[in-house]
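Trainee: According to our numbering, the sequence shown holds residues 40 to 664 in order. Think of the CB as a built atom: it goes at the ideal place given N, C-alpha and C, for glycine as much as any other residue.
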Amino acid sequence: MALLATAIYAMGLRGGYIFDDFPNIVDNEGLKPADATVASLVRSALSSPSSEFKRPLASLTFALNYLVSGDDPAAMKATNLFIHILNGLATFVLAKKLLRLAAPAGNDDRRELIAALIAGTWLLLPINLTSVLYVVQRMESIANLFVLLGLIAYVHARERMQSSALRRWPLYAVSSVVVCTAFGALAKETAVMLPMYAFVIELTVFRFRSVKPRSGLAERDTKIVAAYGLLLFLPIVAGLCWLLPGLLMPTGWATRDFTLSTRLLSELRAVPAYALWTLFPTPDALSFYHDNWTISTSLVSPWTTLAGAIGLVASGTVAWLARRKLPLVTLGLLLYISAHLLTGTILPLELVYEHRNYFASMGLLIAVVPILVARDSAIPGGLARKTLLALLLVQSTAVLYITARAWDSPLTLAQELAERAPDSPRAQYELGRTYIILSGYDPASPFTDKAYAPLEKAMALRGSSILPEQALMFLNARMHRPVENGWWDSMTRKLATRKVTIQDESALGALTSCMSKGLCDLPTGRMTEAFLAAVSHPAPSARLLAMYGDFAWNNLGDHDLGLRMSIEAMHGKPSEPAYRITVIRMLAVQGRMSDARAELAKLKLMNIGGSLDGTLSELNKLTSP
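(1) Taking buried to mean at least 16 other C-beta atoms within 10 Å of its own C-beta, is F131 buried or exposed?
(2) For the beta strand (DSSP E) holding V250, just list the boundary residues, first then last.
(3) Could you spell out the range, first to last residue, of the alpha helix (DSSP H) harbouring R414?
(4) Taking 8 Å as the cut-off, does the CB of A154 come closer than this to any heavy atom belonging to the ligand NAP?
(5) Any contact between the stretch 150-165 and the stretch 77-96? By contact I mean 3 or more CB pairs, one from each, below 8 Å.
(6) Check for me: the alpha helix (DSSP H) holding N183 runs from which residue to which?
(7) Whose C-beta lies closer than 7 Å to the C-beta of T473 among residues of the same chain, with five residues either side of it excluded?
(8) Using only the alpha-carbon positions, how far apart do A196 and T243 sit?
(9) Roughly how many angstroms separate the alpha carbons of P322 and L432, rounded to a whole number?
(10) Thinking C-beta only, is S435 closer than 9 Å to P320?
(11) If you compare alpha carbons, which of D330, S89 and V438 is closest to Y392?
(12) Is any beta-carbon of chain D found at less than 9 Å from that of S663?
(13) Going by the DSSP bridge assignment, what does E32 pair with across the sheet?
(14) If contacts are defined as beta-carbon pairs under 8 Å, then L506 and Q542 qualify, I think. What distance do you get, rounded to the angstrom?
(15) Taking 7 Å as the limit between beta carbons, can you name the residues of its chain near F398, skipping five residues before and five after?
(16) Given this structure, state the Cα-to-Cα distance separating R302 from T384, to the nearest angstrom.
(17) Under 8 Å: do the stretch 47-65 and the stretch 106-124 share three or more Cβ pairs, one atom per stretch?
(18) Going by beta carbon distance, what residues of the same chain come within less than 7 Å of A134, once the five residues before and after it are set aside?
(19) Do L125 and A102 have their beta-carbon atoms positioned less than 9 Å apart in this structure?
(20) Going along the chain, which unbroken runs of the alpha helix (DSSP H) with 4 or more residues stay wholly within the stretch 578-620?
(21) Quick one: what does DSSP say S214 is sitting in, helix, strand or coil?
(22) Applying the criterion that 16 or more other CB atoms from any shown protein chain within 10 Å of the CB defines a buried residue, is N119 buried or exposed?
(23) Could you give the C-beta distance for Y193 and F238, rounded to a whole number, given that I count them as a contact under 8 Å?
(24) Anyone know if the C-beta pair for M604 and L626 falls short of 9 Å?
(25) Tell me the residue span of the alpha helix (DSSP H) that contains K333.
(26) Does K556 pass the burial test, meaning 16 or more other C-beta atoms within 10 Å, or should it be called exposed?
(27) Can you give the Cα-Cα distance for I441 and A429, rounded to whole angstroms?
(28) How far does the alpha helix (DSSP H) with F121 in it reach, from first residue to last?
(29) Could you tell me how far apart the beta carbons of I64 and V171 are, in whole angstroms, since I believe they sit closer than 8 Å?
(30) Give, in chain order, every unbroken run of the alpha helix (DSSP H) that is at least 4 residues long and sits entirely within the stretch 459-512.
(31) Enumerate, from N- to C-terminal direction, the unbroken alpha helix (DSSP H) stretches of 4 or more residues contained entirely within the stretch 268-338.
(32) Go through its chain and collect everything with a Cβ distance to L351's Cβ below 8 Å, but skip five positions before and after it.
(33) Counting along the chain, where does the alpha helix (DSSP H) carrying Y670 start and finish?
(34) Return the bridge partner residues of S170 from the DSSP annotation.
(35) Got a sec? Which residues, its chain only, sit under 6 Å from S504 by beta carbon, not counting five neighbours each side?
(36) Counting pairs of Cβ atoms below 8 Å between the stretch 261-281 and the stretch 337-353, do you hit three or more?
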């Protein structure tokens, strides 16, 4: 099954980059080291714009890919596929251990077969495709690999503690969780859920028991309970104390079109939907883009919110009732639900992403597959159960095959995803954007005229960002065609009447860059209106302020405004070196050398591993007396 998964995924390796691949990889110059020196690699490791924590381990692997094969997406995706297969092997090892613990009297060969079915089916699940062919989601797959390795080591140590009182095994169990959580979190923060998964395994399989040195009998071990107090519950309390003040303030949700309460309601539908997409995959459901996901405003609006809540309660009830006779059902369901506690609750993340099920889908299979292949003497209806498993495998393989083929080229992928999600602004925008790229800004290209319809459709869809307007302006400006006033009006209206999103900021940045490079002859008055509308909302982001400062400095020639906005951006995100570097250069141009040197001294403190050596050398010359 691993070979089958490899063969299917190989069809999609030749495709291009998509969506968040561009800011994180393609347009991220810091991720493209000129050499393999420590300073270059540290700079690359700390270059990710996707997280405050920079995800250095994942970024470092991208940089190494670049050193070997440039920014060739095929090589990037081949590396992802290799990591996916490693995850499959780790899933097999973990499943085999859990099966042995849940049914110690069973047959080893049969347990190995069931573990292989769990791992093989997981490798073929189409909901996991984005963690392979969507390059940036290597962050998820590397984090998941460390999670699985940590669980394997933890289960091994706890298994030994059932028969041995040696002191090294408790230390081994704890250190495996701590070390693998730390390394996994360097790839993506989702690895911090490892202690929770270990707790679920402890709760359902080991039940906090270990051999006592004096009696030689397995008894409840209070030290294990205390360890989870330190490893899990204390960090949860500390994390909530740190996060909640910001989450309870409106500014914490400034870039989202939902609130804390409506997000929680919406996730009541999303989490059960993920389970359906995992076990009953269809192309329409797995549309990649889910920005058209309806926000729940109450339990009955839409009605599926209440249905989702009932489904989750039912799952919890099944997990409780099955805990003694069918512990793997309890374990799998609790792992699935636990996997969504980080991304499906209080954090102001986007509502729906398929890659959030990379670990969760394994939990579902642990709950379902052993039931479907159980002996008739244990559970009746063997033929029906095995037929269901065969249908799951066939359906998953078919949808994976269809989707992987679509990922073979940027055009076929954009067309496929636009067809799957006709009401998704992002899907329609990406189709139009793909046509623009293929047109080469040539008015005679057959792709040029095709770009307008999907972009104008995306522009009109509910909840769309200003990316469609930006793309239309970009296209016409590059071809020296008139830019329609309706596009400007639509863009300014969106920026003025709702919260500015990350996509809106990207669009404004692209237009500003195009103007600065002399490629787009756009009216500065209309651009100024757009920026004023964007910054009129409370607590504009540092990124938006920096873009406005860049526009004011380079396009309006208003250096005072440009410097003021850049300083606000620097203060808004003092940990970002780029904003401070811009301020230093602006101060130097204005002759304020004393102020520039003061900021330069602060910048030197941010020079981790020599990552800013080149920039500091340049700025030292610029600000020298």
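Mentor: Based on what the coordinates show:
(1) Buried: at least 16 other Cβ atoms inside 10 Å.
(2) For V250, the enclosing beta strand (DSSP E) has its first and last residue at R248 to V250.
(3) Per DSSP, R414 lies in no alpha helix (DSSP H) segment and is marked neither H nor E.
(4) Judged by which ligands are present, the structure shown has none, so any question about the ligand NAP falls away.
(5) Touching, no, given that fewer than three Cβ pairs across the two stretches are closer than 8 Å.
(6) N183 -> alpha helix (DSSP H) spans R177 to M200.
(7) In its chain, beyond the 5 residues on either side, P449, L450 and A453 have a beta carbon closer than 7 Å to the beta carbon of T473.
(8) Cα to Cα, A196 sits roughly 16 Å from T243.
(9) Separation of P322 and L432 (C-alpha to C-alpha, rounded to the nearest whole angstrom) is 15 Å.
(10) If you check the CB distance, P320 and S435 come in under 9 Å.
(11) Per the C-alpha coordinates, the member of D330, S89 and V438 positioned closest to Y392 is D330.
(12) Absence of chain D from the displayed structure is noted, only one protein chain being present.
(13) A question about residue 32 goes unanswered here, because the residues of the chain that appear run from 40 up to 664.
(14) The beta carbons of L506 and Q542 sit about 5 Å from each other, so the pair counts as a contact at 8 Å.
(15) Cβ within range, chain order: N183, V186 and A378.
(16) Looking at the two C-alpha atoms, the distance is approximately 7 Å.
(17) Touching, per the Cβ criterion.
(18) Excluding positions up to five away in sequence, the list reads A154, I157, A158 and I405.
(19) Pairing A102 with L125 gives a Cβ-Cβ distance that is not under 9 Å.
(20) Correct list: 581-590 and 598-611.
(21) Helix, per DSSP.
(22) Counting Cβ neighbours within 10 Å, N119 comes out buried, since at least 16 surround it.
(23) Contact between Y193 and F238 is ruled out by a C-beta separation of about 10 Å, above the 8 Å threshold.
(24) With a cutoff of 9 Å on beta-carbon distance, M604 and L626 are scored as not near each other.
(25) A small correction: the amino acid at residue 333 is Thr; Lys does not occupy that position in the sequence shown. In the DSSP assignment, T333 falls outside any alpha helix (DSSP H) and carries neither an H nor an E.
(26) Exposed, by the Cβ-count rule.
(27) CA-CA distance, I441 to A429, rounds to 18 Å.
(28) In the DSSP annotation of this structure, the continuous segment of the alpha helix (DSSP H) that includes F121 starts and ends at P112 to A141.
(29) Not quite, the Cβ-Cβ distance comes to about 15 Å (not below 8 Å), so this is no contact.
(30) The qualifying runs are 464-478 and 485-499.
(31) 273-286 and 299-318, all fully within the stretch 268-338.
(32) Listed in chain order, the non-local C-beta contacts of L351 below 8 Å within the same chain comprise L307, V310, P311 and I376, local neighbours out to five positions each way being set aside.
(33) Only positions 40 to 664 of the chain appear in this structure, which leaves residue 670 out of reach.
(34) DSSP output for S170 lists no bridge partner at all.
(35) Spatial neighbours of S504 in its own chain (CB-CB distance under 6 Å, excluding positions within 5 residues in sequence) are listed in chain order as T540, Q542 and D543.
(36) No contact exists between the stretch 261-281 and the stretch 337-353.
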